[in-house]
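Participant: Please see the structure below; I have some questions.
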Amino acid sequence: MQFHHTTLPNGLEVLAEINPAVQSVAFGFFVKAGSRDEAVEVHGVSHFLEHMAFKGTDRYSADDVNRIFDELGADYNAATSEESTLFYAAVLPEYLSQAFDVQAAIIQPALREDDFATEKQVILEEIGMYDDQPSVVAYDQIMQTHFDGHPLGRTILGTTDSIRQLTAAQMQAYHRDHYRAGNITLAVAGNVSWPLVQELAAKFCTDWPAGKCDRVLKPAVSAGGCRVITREALQTEQIVQLTAAPDTNAPLRYAAELLTVIVGDDQNSRLYWELVDPGDADQAELSYNDYDDTGTYLFFLSGDPVSIPANLDRARQLFETLNRDGITEAELRLAKTKVASRIVLRGERPMGRLSSLGGNWVARGEYRTIADDLRAVDVITLRDMRELLDRFPLRMQTTVGVGPRQSLKD
Amino acid sequence: MLCRMNQTEIQTARLDNGLMILVEPLPDVRSAAFSWWIPAGSAHEPPACNGAAAVLCDWMFRGAGDRDHQELSTAIDSLGVQSQESVTASHLIMQGACLGENLGESLKLYADLLLRPRFEEHEFEPTMLGVEQSLQALEDEPRQKVMVELTRNCYPRPWNRPPEGTLAELPNITPDVIRRQFAQCVRPDQAILGIAGHVDFREVLESVQALFGEWRPTGELPQIVTQPVASSTVHLPQESTQTQIGVAYPSVPYRDADYYAAWAASNILSGGMSCRLMTEVREKRGLCYSIYASLAGLQEAGFMLCYAGTTNERAAETLEVMLQVLRGLGEGVSEAELARCRARAKSALIMSQESTGARASSLARDWSHLGRVVTLQEVRQRIDALTPADIVDYVRRYPADDVSLVTIGPEPLTK
Numbered sequence: 001m002q003f004h005h006t007t008l009p010n011g012l013e014v015l016a017e018i019n020p021a022v023q024s025v026a027f028g029f030f031v032k033a034g035s036r037d038e039a040v041e042v043h044g045v046s047h048f049l050e051h052m053a054f055k056g057t058d059r060y061s062a063d064d065v066n067r068i069f070d071e072l073g074a075d076y077n078a079a080t081s082e083e084s085t086l087f088y089a090a091v092l093p094e095y096l097s098q099a100f101d102v103q104a105a106i107i108q109p110a111l112r113e114d115d116f117a118t119e120k121q122v123i124l125e126e127i128g129m130y131d132d133q134p135s136v137v138a139y140d141q142i143m144q145t146h147f148d149g150h151p152l153g154r155t156i157l158g159t160t161d162s163i164r165q166l167t168a169a170q171m172q173a174y175h176r177d178h179y180r181a182g183n184i185t186l187a188v189a190g191n192v193s194w195p196l197v198q199e200l201a202a203k204f205c206t207d208w209p210a211g212k213c214d215r216v217l218k219p220a221v222s223a224g225g226c227r228v229i230t231r232e233a234l235q236t237e238q239i240v241q242l243t244a245a246p247d248t249n250a251p252l253r254y255a256a257e258l259l260t261v262i263v264g265d266d267q268n269s270r271l272y273w274e275l276v277d278p279g280d281a282d283q284a285e286l287s288y289n290d291y292d293d294t295g296t297y298l299f300f301l302s303g304d305p306v307s308i309p310a311n312l313d314r315a316r317q318l319f320e321t322l323n324r325d326g327i328t329e330a331e332l333r334l335a336k337t338k339v340a341s342r343i344v345l346r347g348e349r350p351m352g353r354l355s356s357l358g359g360n361w362v363a364r365g366e367y368r369t370i371a372d373d374l375r376a377v378d379v380i381t382l383r384d385m386r387e388l389l390d391r392f393p394l395r396m397q398t399t400v401g402v403g404p405r406q407s408l409k410d
Numbered sequence: 411m412l413c414r415m416n417q418t419e420i421q422t423a424r425l426d427n428g429l430m431i432l433v434e435p436l437p438d439v440r441s442a443a444f445s446w447w448i449p450a451g452s453a454h455e456p457p458a459c460n461g462a463a464a465v466l467c468d469w470m471f472r473g474a475g476d477r478d479h480q481e482l483s484t485a486i487d488s489l490g491v492q493s494q495e496s497v498t499a500s501h502l503i504m505q506g507a508c509l510g511e512n513l514g515e516s517l518k519l520y521a522d523l524l525l526r527p528r529f530e531e532h533e534f535e536p537t538m539l540g541v542e543q544s545l546q547a548l549e550d551e552p553r554q555k556v557m558v559e560l561t562r563n564c565y566p567r568p569w570n571r572p573p574e575g576t577l578a579e580l581p582n583i584t585p586d587v588i589r590r591q592f593a594q595c596v597r598p599d600q601a602i603l604g605i606a607g608h609v610d611f612r613e614v615l616e617s618v619q620a621l622f623g624e625w626r627p628t629g630e631l632p633q634i635v636t637q638p639v640a641s642s643t644v645h646l647p648q649e650s651t652q653t654q655i656g657v658a659y660p661s662v663p664y665r666d667a668d669y670y671a672a673w674a675a676s677n678i679l680s681g682g683m684s685c686r687l688m689t690e691v692r693e694k695r696g697l698c699y700s701i702y703a704s705l706a707g708l709q710e711a712g713f714m715l716c717y718a719g720t721t722n723e724r725a726a727e728t729l730e731v732m733l734q735v736l737r738g739l740g741e742g743v744s745e746a747e748l749a750r751c752r753a754r755a756k757s758a759l760i761m762s763q764e765s766t767g768a769r770a771s772s773l774a775r776d777w778s779h780l781g782r783v784v785t786l787q788e789v790r791q792r793i794d795a796l797t798p799a800d801i802v803d804y805v806r807r808y809p810a811d812d813v814s815l816v817t818i819g820p821e822p823l824t825k
């Protein structure tokens with residue numbers, strides 16, 4: 001695979017990883033705008049704006065956008081997170097130019113008032129859908145509690161109130177500030193030529209406004225806390241816990257990923273053998289999330305409400321044993337094998353390469369091949385894992401429960 | 411004696427014991443994926459033991475051959491195998507993917523699993539608890555539960571038995587029930603192994619012959635008597651923000667001559683953002699976030715399964731518009747809509763060659779339904795040959811007139 005990079009005069013970063021051996025080409029626009037960048041008055045605007053992009057431009061109506069992507073057989077979607085909005089598509093090579101035209105166009109959408117009013121209803125439906133999913137309610141609550149006072153504490157979708165109050169004018173202002181070319185990275189992976197990528201970027205993105213928007217970074221120091229949301233009709237109790245972990249630029253982030261595989265993979269991990277294998281919990285998993293200025297370990301536990309206090313205690317003791325004694329050589333080796341397999345398998349499809357390609361560039365201005373990622377995992381030692389546990393011990397600071405329980409203690 | 415057939419690049423062979431092996435070499439990738447289809451689905455469960463198929467699937471993995479549960483898990487992980495098991499009405503499906511060079515060793519582990527599972531007594535109780543926990547979790551996932559209840563109500567018996575099981579029937583499941591299930595259903599005749607990726611057909615065949623050649627069935631697979639049922643309406647009351655709506659009506663199975671017309675109909679209704687359901691219900695009226703229709707196939711029957719989630723106050727309107735869209739299909743389908751179907755299908759088919767897992771699974775599924783390999787070229791040809799008239803003709807014979815309805819929410823709805 002061949003890597004290429006250029007920057008347009010307006011600041012747009014353009015990357016491509018060429019692979020002639022695959023059937024498709026995937027491309028995405030990574031916009032540095034997420035829920036953490038929103039002022040309180042426009043809570044939910046990044047995600048709503050992501051939806052509004054698909055309502056089109058002066059040239060393409062909403063119907064046009066939907067129809068054209070389908071005519072091209074594109075596999076496409078968009079996603080908003082705390083730190084970015086991503087618009088991506090995979091197409092057969094012969095359809096790239098047309099798909100790129102539409103995708104690039106909607107990055108500068110018309111934001112029509114009547115489309116805004118209708119799509120507001122869809123956003124409210126989406127919020128309603130998640131309100132009926134206890135694990136999502138738990139996730140939103142723990143982010144708010146753990147990151148109280150920090151931009152990462154805001155939900156991505158906004159609230160029913162904040163969305164109802166949002167105006168098209170506010171969205172236009174947010175778009176003007178954040179969707180500048182210097183805030184956007186174009187990544188392309190797969191069966192494509194570099195001259196074509198450059199040609200498309202030049203043709204469809206040159207007139208995007210130049211400039212960047214600075215992100216407010218502040219250290220996240222959590223006061224912790226515990227919240228219980230009681231819904232008596234639920235059958236299971238769902239618990240989420242958070243504590244600090246390495247941020248997106250920390251060299252220890254690879255070790256953090258490995259630690260979660262050892263401790264909290266859904267199969268053959270410490271949490272699995274302790275709680276899931278004996279049938280004492282439905283799920284007990286640990287995952288790692290990294291942000292620009294902080295990171296988190298997220299522990300998810302669900303199951304029979306009666307067993308929750310005992311299970312929480314057992315998990316806590318399991319974490320303390322790890323903090324004290326670390327992991328074993330055998331565990332490290334096995335985790336490396338699991339992760340290596342995932343890296344290779346994911347990398348076989350252009351869509352699988354895209355998030356790595358864009359993500360690494362946006363976070364660190366760096367390009368990493370599959371071999372680079374495999375090496376980064378392979379070189380991790382027990383000493384690295386010990387350093388990780390010393391600096392970021394597994395000691396949960398914040399807890400949220402959603403279920404029939406009134407309290408998480410017996 | 412082996413019987414080999416060549417069909418374009420896909421190679422097939424059947425062992426003496428009936429095990430069917432399908433291999434698609436894909437030289438440009440490093441991975442190899444496998445997909446085992448065993449006739450041990452929920453339809454094969456004894457009466458009043460719904461959940462036995464799920465229990466069998468889990469208990470099998472808790473120790474096989476020389477290895478206990480932990481040793482087996484570690485052996486699978488040491489080979490970098492990403493494995494996934496699932497149960498359908500008809501099959502126990504065991505899939506996995508790994509680097510091509512590890513496939514041979516992986517097959518040895520699966521030989522232990524399929525031929526020599528330990529079924530240790532002390533592992534039975536934890537298995538049952540795990541299945542029970544999953545079912546309780548399903549109660550809290552209304553979006554999934556509505557579709558489980560929809561198929562429970564409208565599918566012909568016993569193909570309607572939820573693969574996840576039913577809480578009330580779990581107490582009827584004993585170790586002996588599972589051992590009998592294993593003896594009857596986990597068998598080489600009617601078992602299929604699909605493999606795709608960085609593999610050599612000869613090598614695979616030799617491995618499989620060595621590992622599975624002596625596999626013999628140890629029981630009789632019970633005959634299933636299929637009983638269709640009339641349509642129904644069910645409401646499950648629940649205090650929630652959204653009402654979940656599930657609608658089903660008859661269609662055709664994969665082997666039917668009308669299958670591609672039915673598939674095109676489901677795509678026009680629900681494929682991509684320009685489809686009819688998205689356009690009418692979401693884009694124009696903002697009534698929902700999630701809505702779809704999909705063509706679901708059993709061996710002998712097919713159904714169109716439709717879903718929408720919508721806030722309670724708007725649920726009646728959502729259902730009304732949904733039904734209008736489903737029923738309106740019979741009035742006509744445009745060339746443009748069919749062209750979009752074709753474009754999306756072409757992309758999906760070609761891009762599926764990048765995924766060894768998708769190909770392995772398709773090989774096994776096609777053999778299971780049709781008893782033969784279906785090449786990507788054949789699928790393209792069948793889709794290209796469709797006309798709008800074909801689709802409308804199909805829709806008029808399989809209309810959305812007499813639908814089954816399941817709703818979960820504060821208030822029932824009328825259809």
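Protein chains in written order, with this note's numbering: chain A, 1 to 410; chain B, 411 to 825.
All C-beta atoms, glycine included, are put in the ideal place defined by N, C-alpha and C.
Predicted model, so just to flag it, every value in this text is computed and none were measured.
Can you find at least 3 beta carbon pairs, one from the segment 131-146 of chain A and one from the segment 239-250 of chain A, that sit closer than 8 Å?
Facilitator: yes
Participant: What is the rounded straight-line gap between the Cα of arginine 665/B and the Cα of threonine 7/A?
Facilitator: 53 Å
Participant: Would a C-beta distance cut-off of 7 Å place leucine 271/A and glycine 264/A closer than the cut-off?
Facilitator: yes
Participant: Going by the DSSP bridge assignment, what does glutamine 637/B pair with across the sheet?
Facilitator: Arg567/B
Participant: Between arginine 414/B and chain A, is any beta-carbon pair separated by less than 7 Å?
Facilitator: With a pLDDT of only 42 at arginine 414/B, under 50, the local geometry of the prediction cannot be trusted, and the value read off the model is given with reservation. So no, arginine 414/B is outside the interface.
Participant: Nearest to histidine 178/A by alpha carbon, out of Trp273/A, Gly224/A and Glu38/A?
Facilitator: Comparing Cα-Cα distances from histidine 178/A to each of Trp273/A, Gly224/A and Glu38/A, the minimum goes to Glu38/A.
Participant: Is the segment 784-803 of chain B close to the segment 600-617 of chain B, with three or more CB pairs under 8 Å?
Facilitator: Because the criterion of three Cβ pairs below 8 Å is not met, the segment 784-803 of chain B and the segment 600-617 of chain B do not touch.
Participant: For glutamate 495/B, collect the residues of the same chain with a Cβ closer than 6 Å to its Cβ; drop the 5 residues on either side in sequence, then sort them by chain order.
Facilitator: Within the same chain, glutamate 495/B has close Cβ partners Cys467 and Met504.
Participant: Measure the CB-CB distance between valine 735/B and isoleucine 801/B and report whether it falls below 7 Å.
Facilitator: Their beta carbons are not under 7 Å apart, which means valine 735/B does not touch isoleucine 801/B by this criterion.
Participant: Return helix, strand or coil for phenylalanine 48/A, following the three-state DSSP convention.
Facilitator: helix
Participant: Counting only the same chain and skipping the five closest in sequence on each side, list residues whose C-beta sits under 8 Å from that of asparagine 323/A.
Facilitator: Leu389, Pro393, Leu394 and Arg395
Participant: Closest to arginine 695/B by CA distance: which of Ala16/A, Val122/A, Asn183/A and Ala78/A is it?
Facilitator: Among Ala16/A, Val122/A, Asn183/A and Ala78/A, the Cα nearest to that of arginine 695/B is on Val122/A.
Participant: Kindly indicate if chain A contains any beta-carbon less than 7 Å away from that of cysteine 564/B.
Facilitator: no
Participant: So, under 8 Å CB-CB, histidine 47/A and threonine 398/A are touching, yes? Tell me the CB distance rounded to an integer number of Å.
Facilitator: Not a contact, Cβ separation roughly 23 Å.
Participant: Find the nearest neighbour of tyrosine 88/A within the set Ala62/A, Phe29/A, His43/A and Gly295/A, judged by alpha-carbon distance.
Facilitator: Phe29/A
Participant: Using 7 Å as the threshold, is the C-beta distance between valine 465/B and isoleucine 588/B below it?
Facilitator: yes
Participant: Give a yes or no on whether the minimum CB-CB distance between glycine 490/B and chain A is below 7 Å.
Facilitator: yes
Participant: Helix, strand or coil for tryptophan 625/B, going by three-state DSSP, please let me know.
Facilitator: For tryptophan 625/B, the three-state secondary structure derived from DSSP is coil.
Participant: How big is the Cα-Cα spacing for phenylalanine 299/A and threonine 797/B?
Facilitator: 53 Å
Participant: Are any of the Cβ atoms in chain B nearer than 7 Å to that of threonine 260/A?
Facilitator: Threonine 260/A does not count as touching chain B.
Participant: Counting along the chain, where does the beta strand (DSSP E) carrying arginine 424/B start and finish?
Facilitator: 420-424
Participant: Determine whether the Cβ of alanine 21/A lies closer than 7 Å to any Cβ atom of chain B.
Facilitator: yes
Participant: So, with DSSP's three-state summary, where would you put proline 23/A?
Facilitator: Sequence check: residue 23/A is glutamine here, not proline. In the structure shown, glutamine 23/A sits in coil (DSSP, three-state: anything other than H, G, I, E or B).
Participant: Please confirm if tyrosine 702/B has its CB atom under 7 Å from at least one CB of chain A.
Facilitator: no
Participant: Let me check understanding here. Comparing Cα to Cα, which of Ile127/A, Pro109/A, Gln165/A and Pro219/A lies closest to proline 151/A?
Facilitator: Among Ile127/A, Pro109/A, Gln165/A and Pro219/A, the Cα nearest to that of proline 151/A belongs to Pro219/A.
Participant: Determine which residues of the segment 326-347 of chain A have a Cβ less than 8 Å from any Cβ of chain B, and write them out in chain order.
Facilitator: Hits within the stretch, in order: Leu334, Thr337, Lys338, Ala340, Ser341, Arg342, Val344 and Leu345.
Participant: Would you mind reading off the limits of the alpha helix (DSSP H) that contains arginine 806/B?
Facilitator: 798-807
Participant: Looking only at its own chain, which residues have a Cβ that is under 6 Å from the Cβ of histidine 4/A, when we skip the five neighbours before and after it?
Facilitator: Ala16 and Trp194
Participant: Are the segment 179-198 of chain A and the segment 75-83 of chain A touching by the rule of at least three beta carbon pairs closer than 8 Å?
Facilitator: Note that the segment 179-198 of chain A does not touch the segment 75-83 of chain A; fewer than 3 beta-carbon pairs, one per stretch, sit closer than 8 Å.
Participant: I'd like to know if arginine 353/A contacts chain B, where contact means its C-beta is closer than 7 Å to some C-beta of that chain.
Facilitator: Closer than 7 Å to the CB of arginine 353/A there is not a single CB belonging to chain B.
Participant: Anyone know if the C-beta pair for alanine 667/B and phenylalanine 713/B falls short of 7 Å?
Facilitator: no
Participant: Could you tell me which residues DSSP puts in a beta bridge with glycine 607/B?
Facilitator: As a beta-bridge residue in DSSP terms, glycine 607/B pairs with Pro435/B and Ala442/B.
Participant: Have a look at isoleucine 107/A and alanine 53/A and give me their C-alpha separation to the nearest angstrom.
Facilitator: Near 6 Å, if we compare the C-alpha coordinates of alanine 53/A and isoleucine 107/A.
Participant: Would alanine 74/A be called buried (16 or more neighbouring beta carbons within 10 Å of its own) or exposed?
Facilitator: buried
Participant: Tell me the residue span of the beta strand (DSSP E) that contains histidine 5/A.
Facilitator: 2-7
Participant: Which value, in whole angstroms, describes the spacing of the CA atoms of leucine 301/A and leucine 519/B?
Facilitator: Their Cα atoms are separated by approximately 30 Å.
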